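Counting from 1, position 246 in the sequence shown corresponds to residue 1704 in the numbering used here; the numbering is continuous, with no gaps. Ideal placement from N, C-alpha and C gives every residue a C-beta, glycine not left out. Keep in mind it's a predicted model, so treat the numbers as computed, not measured.
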Amino acid sequence: MAHLPLSPTRTPPTSTPSISAVQKRTLTVLLVSQILSGVGLAAGVTVAGLLAGQMLHNTSLTGLPIALLTAGSAVAAVVIGRVSQRLGRRPGLAAGYLTGALGGTGVVVAAALGSPALLFVSLFLYGAGTTSNLQARYAGADLAAPHQRARATSTVIVATTAGGIAGPLLATPAGHFATALRLPELTGLFLLSTVAFTLTALTLLVWLRPDPLLLARTLPATPAEGAAADSPSRSGPGLLVGVVVLVLSQLVMVAVMTMTPIHMHAHGFGTAASGLVIALHTGSMYLPSPLAGRLVDRFGATAMSVVTAGTLLAAGVVAALAPGHSFTLLTLALVLLGVGWSFGLVTGTAIVTNSTPLATRAKVQGLVDVAIAIAGAVGGLASGIVVAFASYPTLAVLCGVLASVAAPAAIVAARKGSSRAWPT
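Below, the structure is given as structure tokens:
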């Protein structure tokens, strides 16, 4: 990537540092936006199930809010992917965050009015904010060299840590603020997330210039990308395994995470305790991202797919064996769950990005995130049902076993080989 391509309307820079400077600026803007949007993620994770339980008086449906939220993420992923494909990352991501802010406002109004129907519609819209946060990782890799994409992706992902940890810890003060406004206490985090998503959208609209995806399309293709572009309709084993790793990581993480606060409340823990566990879990989802990125770039996707499966399996086993009154073991299980998800997200994203040509990359990435969102919706909905008819340990074991499927899938795909798309 030595210089920008010649154009009839401009004389481009001729040195690599110009692209490096743009990439550095892009990552900086994305870092700021991810910190803000990370706060917004906290509400859906921490209190959505509890709020629905209060309104519905039915614990078997406490997984429904996360299912609706992730279903909304699926729809938003398609829209954001298509908008990004046509207009660039900036308008696509900003539109998603603004839709999420609208959903957060709707949740507050629904709780104030006692309207479950409005709550469910609003949670569906709120999912657009969460999928925007997830898709921002692709923007970080648009201008990165192929051998540095995992690290670029992980840099964007790790920025969510600050907001993701702060959000759950703000559950109590945000609840007090909501109460002062004569609103239900659990709406406090949704008030906070509405502001956070709005500020994130404004940050991207103002400062994410030039658009990384649009600029990347003007650059010379790398040999690997050129080969992929020759046959854009054929994905090979790389894309499929990337989707498997991403889907299983999301399904397992959402299912166990969704029911952990409910499980803790059933054993006498309060909102502050469950908020702390979710905060530590959220931190473990994002803090290991730089390590994951370096490991993927260094050792390849096959090894990291196996590590991902093993970590998620360990999380399920620890959660299943932990006594309901053991704060320490439940925290350990959720931390392992977060680390496994982090490894899976970085690994799967690297596989997907390296397996798709730039001309159709944003659209394909959007469709991949649809699969991720659907997996989350299934995990969120099924988790409440499994716990209601069986138990939390049963759910944890099932999820751990399911996660282990990623390992043999990656190994089989690597043995079949794909010289263009499969980074072994």
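May I have the straight-line CA-CA distance separating residue i from residue j, to the nearest angstrom?
i, j, result
"residue 1762", "residue 1769", "10 Å"
"residue 1570", "residue 1825", "35 Å"
"residue 1631", "residue 1732", "15 Å"
"residue 1723", "residue 1868", "38 Å"
"residue 1712", "residue 1564", "23 Å"
"residue 1489", "residue 1619", "10 Å"
"residue 1661", "residue 1487", "7 Å"
"residue 1659", "residue 1779", "42 Å"
"residue 1612", "residue 1743", "11 Å"
"residue 1514", "residue 1796", "29 Å"
"residue 1718", "residue 1479", "43 Å"
"residue 1886", "residue 1496", "Since the first residue of the chain shown is 1459 and the last is 1882, residue 1886 is not available in this structure."
"residue 1696", "residue 1842", "33 Å"
"residue 1672", "residue 1640", "47 Å"
"residue 1583", "residue 1527", "7 Å"
"residue 1608", "residue 1784", "36 Å"
"residue 1477", "residue 1548", "18 Å"
"residue 1855", "residue 1523", "23 Å"
"residue 1635", "residue 1652", "14 Å"
"residue 1878", "residue 1819", "For residue 1878, the predicted structure reports a pLDDT of 42, less than 50, and the residue's modelled location is therefore unreliable. A value from the coordinates is still provided. Spanning the two alpha carbons is a distance of roughly 15 Å."
"residue 1814", "residue 1698", "11 Å"
"residue 1691", "residue 1812", "Because the pLDDT of residue 1691 is 46, which lies under 50, any placement of that residue in the model is unreliable, and the question is left without a value."
"residue 1657", "residue 1491", "8 Å"
"residue 1483", "residue 1666", "8 Å"
Candidates the options: which alpha carbon is nearest residue i's?
i, options, result
"residue 1537", "1808, 1550 and 1660", "1550"
"residue 1803", "1610, 1529, 1524 and 1732", "1610"
"residue 1616", "1817, 1801, 1814 and 1649", "1801"
"residue 1852", "1862, 1776 and 1814", "1776"
"residue 1604", "1751, 1844 and 1857", "1751"
"residue 1668", "1856, 1481 and 1865", "1481"
"residue 1788", "1799, 1797 and 1773", "1773"
"residue 1839", "1704, 1491 and 1510", "1510"
"residue 1573", "1672, 1512 and 1483", "1512"
"residue 1704", "1786, 1832, 1588 and 1642", "1832"
"residue 1532", "1588, 1790 and 1716", "1588"
"residue 1727", "1666, 1677 and 1786", "1786"
"residue 1725", "1850, 1578, 1740 and 1741", "1850"
"residue 1678", "1816, 1578, 1657 and 1846", "1816"
Do residue j and residue i come within 8 Å of each other at the CB atom, strictly closer than that value?
i, j, result
"residue 1629", "residue 1810", "no"
"residue 1674", "residue 1600", "yes"
"residue 1562", "residue 1655", "yes"
"residue 1650", "residue 1633", "no"
"residue 1738", "residue 1858", "no"
"residue 1580", "residue 1558", "no"
"residue 1529", "residue 1829", "no"
"residue 1614", "residue 1753", "no"
"residue 1759", "residue 1861", "no"
"residue 1576", "residue 1586", "no"
"residue 1593", "residue 1821", "no"
"residue 1555", "residue 1823", "no"
"residue 1864", "residue 1702", "yes"
"residue 1740", "residue 1623", "yes"
"residue 1553", "residue 1566", "no"
How close, in whole Å, do the beta carbons of residue i and residue j come, if the pair is a contact with beta carbons under 8 Å?
i, j, result
"residue 1720", "residue 1546", "That pair is no contact at about 41 Å."
"residue 1621", "residue 1494", "6 Å"
"residue 1792", "residue 1735", "6 Å"
"residue 1707", "residue 1806", "7 Å"
"residue 1798", "residue 1709", "Incorrect: roughly 12 Å between the Cβ atoms, too far for contact."
"residue 1625", "residue 1499", "6 Å"
"residue 1535", "residue 1827", "4 Å"
Please report whether the beta-carbon of residue i lies at a distance below 8 Å from any beta-carbon of chain B.
i, result
"residue 1718", "This model lacks chain B altogether; it includes just one protein chain."
Less than 7 Å between the CB of residue i and some heavy atom of the ligand COA, yes or no?
i, result
"residue 1711", "Ligands are entirely absent from the displayed structure, and the ligand COA is therefore not among its contents."
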